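Colleague: End of the sequence shown = 123 in our numbering, gap-free, step of one.
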Amino acid sequence: MDYKQPPLNRGVNPLKMNWLWRLICQVGYIADDDVASALHHIDIHVNRERVLGWLKSEDEDGYFPLTIAELEQNLRALLAARSESLPLPKGDDSKD
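(1) According to DSSP, is ARG49 part of a helix, a strand, or is it coil?
(2) Could you check which residue in ASN101, ALA107 and SER110 has the C-alpha nearest to that of CYS52?
(3) Label VAL125 either buried or exposed according to how many other C-beta atoms from any shown protein chain fall within 10 Å of its C-beta, with 16 as the threshold for buried.
(4) Enumerate in chain order the residues of its own chain whose CB-to-CB distance from TRP81 is below 7 Å, with the five nearest sequence positions on each side excluded.
(5) Does the structure place the segment 102 to 113 close enough to the segment 64 to 79 that three or more beta carbon pairs sit under 8 Å?
(6) Compare the C-alpha of GLU97 against each of VAL78, VAL39 and ASP86 and name the closest.
(7) Hey, quick one: how far does the alpha helix (DSSP H) through VAL62 stretch, first residue to last?
(8) Identify whether ARG77 lies in helix, strand or coil by the three-state DSSP scheme.
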């Protein structure tokens with residue numbers, strides 16, 4: 028079967044992106060402490076309740092709506108933190 032773009036089954040509200048954030052966290056094995064640490068690393072201090080609230084649905088206690096701007100900020104912070112923690116590639120020490 029050839030690829031076909033799936034239909035848009037969900038209305039997308041850029042001020043409430045929690046559903047997408049939860050999916051990204053599940054696929055990327057991202058824990059709430061990872062997010063808080065990455066944001067802290069770029070000098071954005073966020074409390075644990077807010078980070079946990081981003082993972083909740085609108086009808087749950089402690090829900091904090093996550094905007095698309097926050098989602099991007101979180102992903103960029105995680106990317107920066109992870110890229111800094113990766114070992115630097117070693118030079119080619121092989122001799123011909």
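Glycine included, every Cβ here is placed at the ideal spot set by N, Cα and C.
Everything numeric in this text was worked out from a predicted model, so none of it was measured.
Modeller: Answer, in terms of the structure:
(1) Walking along the sequence shown from the start, residue 49 turns up at place 22. ARG49 falls in the helix class under three-state DSSP.
(2) As a position in the sequence shown, residue 52 is number 25, starting the count at 1. Residue ASN101 is the option with its Cα nearest to CYS52.
(3) Residue 125 is absent from the model: the chain starts at 28 and stops at 123.
(4) As a first step, residue 81 must be located in the sequence shown, where it is residue number 54. Taken in chain order, the residues that qualify are ASN45, TRP48, PHE91 and LEU93.
(5) yes
(6) In the sequence shown, the residue the question calls residue 97 occupies position 70. Closest option to GLU97, Cα to Cα, is VAL78.
(7) What you label residue 62 is simply residue 35 of the sequence shown in a count that begins at 1. Element bounds for VAL62: 59 to 68.
(8) For the purposes of this step, residue 77 is taken as residue 50 along the sequence shown, with counting starting at 1. The answer is helix: DSSP assigns ARG77 an H, G or I state.
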